[in-house]
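**Q** Right, I'll just put the structure down here and ask away after.
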Amino acid sequence: MSCKADADGVRRCRFEEPGMNGLISDVFGDEAIFITCKSGECIHYSQVPGYQVPIAPEKPVTWVVISAIAAILLVILSISLLWMLGRHYKDDEVRLGTVRLPEEEADLMKDHIPAALHWENVGYRIGSRALLDGITGSVQPGEVMAIVGASGAGKTTFLDILARREKRGVTSGTVLINGRTMSNQGYKRVVGFVDQEDLLMETLTVYETVLYSALLRLPRDMSLEAKKFRTLETMQELGILGIKDSRIGGSGFTAGGSKEGRGISGGEKRRVSIACELVTSPSILFCDEPTSGLDAYNAFNVVQSLVTLAKTYKRTVIFSIHQPRSNIVALFDKLLLLAEGRVVYSGPFSRCSDYFDQVGHPCPPGFNIADFLIDLTARRSVVAGEDAEDDVEGGGSAQSAHQRNDTSIVTTGTTSRDESTELRTRPNSIVEDSSSRGGLRKKTSRLSEGLRNAFANGQSNGKDVWMPTLSSGKLVHLVNAFAESDVANATKSELDAFLGRRPEGVVNDLPDLANESTALGSYKKAGLWTQFKILSGRAFKNLYRDPILMFAHFGLAIVLALFCGVLYHGVTNDISGFQNRLGLFFFILSLFGFSCLTSLGVFANERALFVRERSNGYYSPLTYFTSKLLFDILPLRVVPPFLFGGCVYFLVGLVPGVAEFWKFILTLVLFSLSASSAVFFISIAVQDTGLANLVGSLTMLFSLLFAGLLINRDRIPGYLKWLQHLSFFHAAYEALIVNELRNLSLKEHKYGIDIEVPAASII
18 MSCKADADGV RRCRFEEPGM NGLISDVFGD EAIFITCKSG ECIHYSQVPG
68 YQVPIAPEKP VTWVVISAIA AILLVILSIS LLWMLGRHYK DDEVRLGTVR
118 LPEEEADLMK DHIPAALHWE NVGYRIGSRA LLDGITGSVQ PGEVMAIVGA
168 SGAGKTTFLD ILARREKRGV TSGTVLINGR TMSNQGYKRV VGFVDQEDLL
218 METLTVYETV LYSALLRLPR DMSLEAKKFR TLETMQELGI LGIKDSRIGG
268 SGFTAGGSKE GRGISGGEKR RVSIACELVT SPSILFCDEP TSGLDAYNAF
318 NVVQSLVTLA KTYKRTVIFS IHQPRSNIVA LFDKLLLLAE GRVVYSGPFS
368 RCSDYFDQVG HPCPPGFNIA DFLIDLTARR SVVAGEDAED DVEGGGSAQS
418 AHQRNDTSIV TTGTTSRDES TELRTRPNSI VEDSSSRGGL RKKTSRLSEG
468 LRNAFANGQS NGKDVWMPTL SSGKLVHLVN AFAESDVANA TKSELDAFLG
518 RRPEGVVNDL PDLANESTAL GSYKKAGLWT QFKILSGRAF KNLYRDPILM
568 FAHFGLAIVL ALFCGVLYHG VTNDISGFQN RLGLFFFILS LFGFSCLTSL
618 GVFANERALF VRERSNGYYS PLTYFTSKLL FDILPLRVVP PFLFGGCVYF
668 LVGLVPGVAE FWKFILTLVL FSLSASSAVF FISIAVQDTG LANLVGSLTM
718 LFSLLFAGLL INRDRIPGYL KWLQHLSFFH AAYEALIVNE LRNLSLKEHK
768 YGIDIEVPAA SII
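Numbering (the numbering used here), first residue to last: 18 to 780.
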């Protein structure tokens with residue numbers, strides 16, 4: 018009886034007897050009896066009488082121990098290398114000092130091209146619903162424009178359209194830079210956009226955060242020293258150079274091993290976000306609510322930094338803002354007031370107060386004009402009675418109209434007694450001031466007179482009432498009044514001049530940014546390999562500065578390996594030992610499989626950061642995910658199997674062969690990588706964290722079900738057998754069993770006799 022593997026790797030067995038070879042040849046026509054089991058009853062080749070159990074390989078216990086120790090030392094060496102690299106990066110930062118460059122190189126990105134921004138009849142529509150309509154305005158170099166309005170007025174939507182952010186609706190209108198249209202690619206090179214949320218990596222320092230933005234986005238032919246100089250220069254412009262070595266957040270550990278304390282403040286984070294965009298020297302900077310979530314002090318500092326940036330470096334700054342304080346409002350050069358997607362005012366802030374005086378809505382003395390304008394244009398939708406709307410628009414009593422308007426102003430929010438009194442007296446002051454200034458134009462005089470009478474008469478009844486919306490009288494009047502105002506006509510004349518539509522034929526003399534080599538040129542950003550190196554360095558710093566998860570994986574691998582080693586110590590070569598081996602392998606795969614669910618947070622925690630950086634052109638998605646796989650997944654999926662296998666293999670007493678030991682380790686590593694890759698894909702495909710956890714757990718359970726222990730493969734219905742081929746548990750479980758049991762012979766003493774069964778016949 019002999020078995021050999023053919024050229025295809027298939028094991029072929031044959032039975033031959035020298036005294037019967039002639040008879041076999043005469044009867045069957047073959048030189049031997051080939052055990053192909055095409056008919057009759059098949060038995061395992063080890064059950065044929067006379068079969069000799071192959072001698073098990075010698076047990077070089079010494080080499081197994083050496084291999085286990087080598088695996089553990091490899092892990093220790095890797096950790097030491099990570100620590101040394103971390104110290105090396107820290108020393109480089111300390112030695113950096115003051116960067117000094119030749120004057121021509123230092124000014125490479127400093128001299129940007131001033132840019133004037135004009136827009137005409139900008140609109141945005143989703144289906145049949147118009148969210149923005151007929152917005153026209155302009156901003157000159159060195160000016161700061163604030164976009165204000167009540168919640169839902171369209172501030173962020175309009176800002177996204179100006180910055181040419183991707184929107185799912187249909188946009189219309191004209192947007193010009195220095196009087197000329199530009200392609201999307203060229204446009205995005207001269208503008209910067211700061212999101213409302215500060216999406217920053219907490220483990221990085223302020224300097225590193227801005228530097229990585231510079232390394233990824235500045236020209237590739239710009240020297241490293243020049244990029245570092247530009248980073249420090251930008252930080253100095255925004256007043257954050259003094260905190261350049263401070264961590265963004267309070268997570269992680271310092272270089273000395275102590276727990277990192279509190280991170281930088283909210284206002285400082287906002288200025289760091291601005292610096293990440295400003296480092297490319299954009300001509301126009303957009304900021305989405307830069308004061309959101311900040312206290313009054315930090316909010317003022319952020320806006321003051323933007324104003325200084327515009328005045329000192331002749332940049333164009335546009336930002337949306339919600340409920341600014343009076344000291345912040347005083348810093349505005351231009352104001353764009355929106356109400357439900359329509360323009361109520363767009364022009365110089367210095368003319369704003371006089372304009373609303375002229376249209377019959379003067380701001381009360383000592384009152385914050387921004388709060389007044391937001392209250393004036395805010396949408397009210399609480400109805401006191403069925404005829405409330407008819408009373409206002411259909412000529413109801415002046416007293417009831419006053420009751421509705423006065424009460425709605427008082428009950429807009431929770432106020433103190435003094436604040437309530439001030440708000441309550443606002444309608445009377447409006448009437449007094451407006452009567453002294455001559456009223457409105459003829460086209461809107463009747464509506465304005467009705468509103469003034471409504472404010473001037475009656476007492477509040479203390480109920481929440483209805484206030485006009487855009488489709489009602491007041492806001493329609495405000496929108497129409499501005500469209501016919503001198504401020505709007507001045508903006509239109511300025512836009513006509515830039516478009517060359519003036520009767521005199523005057524055209525603007527500002528430079529064409531599309532043809533300016535210093536602004537756009539043909540420079541290229543960092544290549545794929547450079548992006549990979551930069552992102553790998555960032556991922557590496559994030560890993561070694563916040564190593565809690567990594568050390569948790571390492572610690573659990575060692576502790577559970579020792580636990581399994583004690584529990585399964587000295588596994589025997591009998592039926593119980595066979596069962597223990599199957600249970601051990603199943604537990605090991607379950608341990609590494611479900612521990613891979615921590616990969617769900619690898620991308621989920623940085624999803625918003627990736628979306629922002631990708632939309633701003635930082636890098637290619639390929640380089641980002643490659644660096645994440647290399648420096649986030651590999652340390653957590655390769656090192657723990659080495660630690661676990663090196664400890665458990667010798668303690669349990671598995672097959673003492675060097676080749677078998679390394680096959681065991683390699684199988685665990687490949688299984689861990691396969692499981693983590695599946696989980697990583699789920700984290701990318703499913704945005705909701707709870708749903709991603711559910712999908713990941715179900716994926717593990719179904720893959721575990723078809724591993725080979727919980728159900729016999731022959732009992733799996735034919736239409737479900739394909740699930741077994743998709744199970745990474747099945748492939749790893751089969752590899753571990755074959756590696757351990759293929760040459761093992763089980764001996765069981767039953768009923769006074771020794772029964773010897775080859776383990777291969779069972780598996």
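Note that CB positions come from ideal geometry on N, CA and C, so glycine has one too.
Would you say ILE291 touches the ligand NAD, meaning its beta carbon is less than 7 Å from a heavy atom?
**A** Only the bare structure without any ligand can be found here, which leaves the ligand NAD out of the picture.
**Q** Please state whether DSSP places TYR791 in a helix, a strand or coil.
**A** For residue 791 there is no data in the structure shown, the boundaries of the chain being 18 and 780.
**Q** Does the segment 656–668 come close enough to the segment 570–589 that 3 or more CB-CB pairs lie under 8 Å?
**A** Cβ pair count under 8 Å is three or more, so yes.
**Q** Would DSSP call ARG206 helix, strand or coil?
**A** Indexing the sequence shown from 1 puts residue 206 at position 189. Helix.
**Q** From ARG287 to PRO673, what distance separates their C-alpha atoms?
**A** By one-based count along the sequence shown, residue 287 stands at place 270. By one-based count along the sequence shown, residue 673 stands at place 656. Taking the straight line joining both Cα atoms gives about 60 Å.
**Q** Going along the chain, which residues of its own chain have a beta-carbon closer than 8 Å to the beta-carbon of MET37, five neighbours each way excluded?
**A** Residue 37 sits at position 20 when you count from the first residue of the sequence shown. Taken in chain order, the list of residues that qualify is empty.
**Q** Under 8 Å between the Cβ atoms of ASP150 and ARG359?
**A** Walking along the sequence shown from the start, residue 150 turns up at place 133. Walking along the sequence shown from the start, residue 359 turns up at place 342. Against a cut-off of 8 Å, the Cβ pair of ARG359 and ASP150 comes out as a contact.
**Q** Mapping DSSP to helix, strand and coil, what is VAL319?
**A** For the purposes of this step, residue 319 is identified with residue 302 of the sequence shown, where counting begins at 1. Three-state DSSP puts VAL319 in a helix.
**Q** Would you mind working out which of LEU626, LEU495 and LEU722 sits nearest VAL211, comparing C-alpha positions?
**A** Sequence index remark: in the sequence shown, residue 211 carries index 194 (1-based). Comparing Cα positions, the closest option is LEU626.
**Q** Going by C-alpha to C-alpha distance, which of TYR585, ILE83 and GLU357 sits closest to ALA147?
**A** Translated into positions along the sequence shown, residue 147 becomes position 130. It is GLU357.
**Q** Unbroken alpha helix (DSSP H) runs of length 4 or more, entirely within the segment 283–356: which are they?
**A** Counting whole runs of 4 or more residues, the segment 283–356 contains the alpha helix (DSSP H) stretches 283–295, 313–330 and 343–346.
**Q** Considering only C-alpha positions, which residue in the set TYR736, MET717 and LEU758 is nearest to SER744?
**A** Numbered from 1 along the sequence shown, position 727 holds the residue referred to as residue 744. It is MET717.
**Q** Threshold first: 3 residues or longer. Then list the beta strand (DSSP E) segments lying entirely within the segment 686–774, N to C.
**A** Segments of the beta strand (DSSP E) lying fully in the segment 686–774: 762–767.
**Q** Jot down the residue ranges of each uninterrupted beta strand (DSSP E) in the segment 126–186, minimum 3 residues, whole runs only, in chain order.
**A** Those beta strand (DSSP E) runs which fall completely within the segment 126–186 and span 3+ residues are 134–143, 146–156 and 161–166.
**Q** Ends of the alpha helix (DSSP H) at TYR372?
**A** As a working note, residue 372 is residue 355 in the sequence shown. Note, TYR372: alpha helix (DSSP H), 369–375.
**Q** Any contact of the segment 708–723 with the segment 612–628, i.e. 3+ C-beta pairs under 8 Å?
**A** Yes, the segment 708–723 touches the segment 612–628.
**Q** Is DSSP giving LYS491 helix, strand or coil here?
**A** Reading the sequence shown from its first residue, position 474 is the one you call residue 491. Helix, per DSSP.
**Q** Looking at C-alpha atoms only, which residue of ILE650, ALA749 and GLY725 is the closest neighbour of LYS738?
**A** As a working note, residue 738 is residue 721 in the sequence shown. Of ILE650, ALA749 and GLY725, the residue nearest in Cα terms is GLY725.
**Q** Roughly how many angstroms lie between the CA atoms of GLY186 and ARG142, to the nearest whole one?
**A** Translated into the one-based positions of the sequence shown, residue 186 becomes position 169. Translated into the one-based positions of the sequence shown, residue 142 becomes position 125. Each residue's alpha carbon lies about 6 Å from the other.
**Q** Could you spell out the range, first to last residue, of the alpha helix (DSSP H) harbouring PRO657?
**A** The count along the sequence shown starts at 1 and reaches residue 657 at position 640. It spans 656–669 - the alpha helix (DSSP H) in which PRO657 sits, taken as one unbroken run.
**Q** Is the Cβ-Cβ distance between GLY634 and LYS205 less than 8 Å?
**A** Start at 1 with the first residue of the sequence shown, and residue 634 comes out as number 617. Start at 1 with the first residue of the sequence shown, and residue 205 comes out as number 188. In contact: GLY634 and LYS205 (Cβ atoms closer than 8 Å).
**Q** Given this structure, state the Cα-to-Cα distance separating ASP371 from PRO379, to the nearest angstrom.
**A** The residue you call residue 371 lines up with position 354 of the sequence shown. The residue you call residue 379 lines up with position 362 of the sequence shown. Rounded to whole angstroms, ASP371 to PRO379 spans 8 Å at the Cα level.
**Q** Taking just the CA atoms, how far does LEU94 sit from THR173?
**A** As a position in the sequence shown, residue 173 is number 156, starting the count at 1. As a position in the sequence shown, residue 94 is number 77, starting the count at 1. Looking at the two C-alpha atoms, the distance is approximately 51 Å.
**Q** If we ignore side chains and look at the alpha-carbon of each, how far apart do TYR314 and GLY203 end up?
**A** For this step, residue 314 is matched to residue 297 along the sequence shown. For this step, residue 203 is matched to residue 186 along the sequence shown. Taking the straight line from one Cα to the other gives about 37 Å.
**Q** Relative to the C-alpha of GLY169, which candidate in LEU311, ASP262 and LEU354 has its C-alpha closest?
**A** As a first step, residue 169 is located in the sequence shown; it is residue number 152 there, counting from the start. Of the listed residues, the one whose Cα sits closest to GLY169 is LEU354.
**Q** Between which two residues does the beta strand (DSSP E) carrying SER673 extend?
**A** The residue labelled residue 673 in the question sits at position 656 within the sequence shown. A small correction: the amino acid at residue 673 is Pro; Ser does not occupy that position in the sequence shown. No beta strand (DSSP E) holds PRO673; DSSP gives it neither H nor E.
**Q** Measuring alpha carbon to alpha carbon, tell me which of ARG264, LEU492, ASN138 and ARG197 ends up nearest ALA132.
**A** One-based indexing of the sequence shown puts residue 132 at position 115. The residue with the shortest Cα to Cα distance from ALA132 is ARG197.
**Q** The alpha helix (DSSP H) with SER607 in it runs from where to where?
**A** Locating residue 607 in the sequence shown gives position 590, where the first residue counts as 1. SER607 -> alpha helix (DSSP H) spans 592–612.
**Q** Note down the Cα distance separating CYS304 from ILE281, rounded to an integer number of angstroms.
**A** Looking up residue 304 in the sequence shown gives position 287. Looking up residue 281 in the sequence shown gives position 264. If I take the Cα positions, the gap works out to 20 Å.
**Q** Which of the three DSSP states, helix, strand or coil, is assigned to TYR561?
**A** The residue you call residue 561 lines up with position 544 of the sequence shown. TYR561: helix per DSSP, three-state reduction.
**Q** Closest to ARG247 by C-alpha separation, out of PHE609, LEU216, GLY490 and PRO299, would be which residue?
**A** Numbered from 1 along the sequence shown, position 230 holds the residue referred to as residue 247. Of the listed residues, the one whose Cα sits closest to ARG247 is PRO299.
**Q** So, with DSSP's three-state summary, where would you put VAL223?
**A** Working through the sequence shown from its first residue, we reach residue 223 at position 206. In the structure shown, VAL223 sits in a helix (DSSP, three-state: H, G or I).
**Q** Would THR308 pass as a contact of ILE260 if the rule is Cβ separation under 8 Å?
**A** Locating residue 308 in the sequence shown gives position 291, where the first residue counts as 1. Locating residue 260 in the sequence shown gives position 243, where the first residue counts as 1. Result no, Cβ atoms of THR308 and ILE260 do not sit closer than 8 Å.
**Q** Would you say the segment 553–568 touches the segment 212–230, given that touching needs at least three Cβ pairs under 8 Å?
**A** With a cut-off of 8 Å, the segment 212–230 and the segment 553–568 count as touching, because enough Cβ pairs lie within range.
**Q** Near GLU403, what residues of its chain come up, given a Cβ to Cβ distance below 7 Å and the 5 sequence neighbours on each side ignored?
**A** In the sequence shown, residue 403 corresponds to position 386, counting from 1. Here the model assigns GLU403 a pLDDT of 36, short of 50, so the residue's position is not dependable and the matter cannot be decided.
**Q** Anyone know if the C-beta pair for GLY190 and GLU137 falls short of 8 Å?
**A** The residue you call residue 190 lines up with position 173 of the sequence shown. The residue you call residue 137 lines up with position 120 of the sequence shown. Their beta carbons are under 8 Å apart, which means GLY190 touches GLU137 by this criterion.
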